[in-house]
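In the working numbering, the protein residues as written are 92 to 342. Here a beta-carbon is modelled for each residue, glycine too, at the ideal position from N, C-alpha and C. Nothing here was measured: the structure is a model prediction, and the numbers come from that model. Read the structure below first, then the notes.
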Amino acid sequence: GDRYRGRTDDPARNGTTARAADETIVSNLPYRDVGSDKLLWAAAWLSRAHEARATGAGQAHLSRALALVDELRALPDLLVHWRHHTASIVNKGAAVLLATETGHPTFVALAQDHLDWWTIGLNDRVERTPDGLAWRAPGKAAPAAATTAFLAFVYGDRVTPERCRSTRPTVPIHRDGRCRETYLAFARQTIDYLLGNNAAGRSYVVGIGAGPERPRHAAAMGPWAADAHFRDPALALARWRHTLHGALVGG
Numbered sequence: 092g093d094r095y096r097g098r099t100d101d102p103a104r105n106g107t108t109a110r111a112a113d114e115t116i117v118s119n120l121p122y123r124d125v126g127s128d129k130l131l132w133a134a135a136w137l138s139r140a141h142e143a144r145a146t147g148a149g150q151a152h153l154s155r156a157l158a159l160v161d162e163l164r165a166l167p168d169l170l171v172h173w174r175h176h177t178a179s180i181v182n183k184g185a186a187v188l189l190a191t192e193t194g195h196p197t198f199v200a201l202a203q204d205h206l207d208w209w210t211i212g213l214n215d216r217v218e219r220t221p222d223g224l225a226w227r228a229p230g231k232a233a234p235a236a237a238t239t240a241f242l243a244f245v246y247g248d249r250v251t252p253e254r255c256r257s258t259r260p261t262v263p264i265h266r267d268g269r270c271r272e273t274y275l276a277f278a279r280q281t282i283d284y285l286l287g288n289n290a291a292g293r294s295y296v297v298g299i300g301a302g303p304e305r306p307r308h309a310a311a312m313g314p315w316a317a318d319a320h321f322r323d324p325a326l327a328l329a330r331w332r333h334t335l336h337g338a339l340v341g342g
């Protein structure tokens, strides 16, 4: 939990060596991250699990999640941008989970602001390819879009017009309570694009249509030290050991 938090370039923590500290560190993101993203995700699920068991401890975890949001607000790149893909997945997933489970205005605002940014535009709107794929972070374009589409499916399926209207009332989709339709349409269009409904007519998923066959992935390449193609780079590029069905390439 909170015991081992900091940066991996911190020379020592709690009397441990730098190497030992790196083995126990919560996060290794290359900026002022203190592990709050992972702790927020943990608090979200613990809140849900404890409430489900009627132990009464769920509220304490919810309060902890709210405190962690305040920490994350000091790190705008974490809450707004996809520059650091993993941290953004954790934060937005936790926000959507807590918004749908609790309806708390803090989490509803985080979830809806994030989905607004990817759909209708909020502040610096996400870029789009000429044939319509919303993207952020070169090299992670497809995973970022697919993950956001998943969150849009989850939240859009459960958001009510009243909850939609609770944030940014001057924005048309919120004023009219049309969050559900907007988020679900974005999700469907994004997944359709990644499965082949795009200008190139090819999917970004291994095993789907005219999709990629040799993604750069250890589980696909799967060489063993004794293999000739492991020792010879030319052979390594010529043959993959496994077909990684269902894998989504980076884009």
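- Per DSSP, Arg271 is one residue of the alpha helix (DSSP H) stretching across Cys270 to Leu285.
- Ala237 and Ile282 have their alpha carbons spaced roughly 7 Å apart.
- The bridge partners DSSP lists for Ala225 are Arg219.
- Here the alpha carbon of Val217 sits roughly 10 Å from the alpha carbon of Ala228.
- As a beta-bridge residue in DSSP terms, Leu339 pairs with Val296.
- With fewer than 16 other CB atoms across the displayed protein chains lying within 10 angstroms of its CB, His333 is exposed.
- A Cβ-Cβ separation of about 23 Å leaves Trp226 out of contact with Ala185 under the 8 Å criterion.
- Under a 10 Å Cβ-count criterion, His152 is classified as buried, with 16 or more other Cβ atoms of the shown protein chains found around its own Cβ.
- A direct Cα-to-Cα measurement between Ala278 and Leu159 gives close to 28 Å.
- With respect to the 8 Å criterion, Tyr274 and Leu285 are not classified as neighbours on the basis of their beta carbons.
- Between the beta-carbon of Lys183 and that of Leu242 there is about 6 Å, and that keeps the pair under the 8 Å contact cut.
- A straight line joining the alpha-carbon of Ala200 with that of Lys129 spans about 20 Å.
- For Val245, the enclosing alpha helix (DSSP H) covers residues Ala232 to Arg249.
- Nearest neighbour of Ala291 by Cα position, chosen from Ile211, Ala190, His308 and Thr220, turns out to be Thr220.
- A distance below 8 Å separates the beta carbons of Ala338 and Pro306.
- Here Gln150 is exposed. Its C-beta has fewer than 16 other C-beta atoms within 10 Å.
- The beta carbon of Val262 sits closer than 8 Å to those of Asp207 and Ile211, all from its chain and outside the five residues before and after it, given in chain order.
- For Asn288, the three-state secondary structure derived from DSSP is coil.
- In the three-state reduction of the DSSP assignment, Val262 falls in the coil class, being assigned neither a helical nor a strand state.
- With 16 or more other Cβ atoms from the protein chains shown falling within 10 Å of its own Cβ, Gly247 counts as buried.
- When secondary structure is reduced to three states using DSSP, His308 falls in the coil class, being assigned neither helix nor strand.
- Sorting Leu157, Arg164 and Asp204 by C-alpha distance to the C-alpha of Pro260 places Asp204 at the top.
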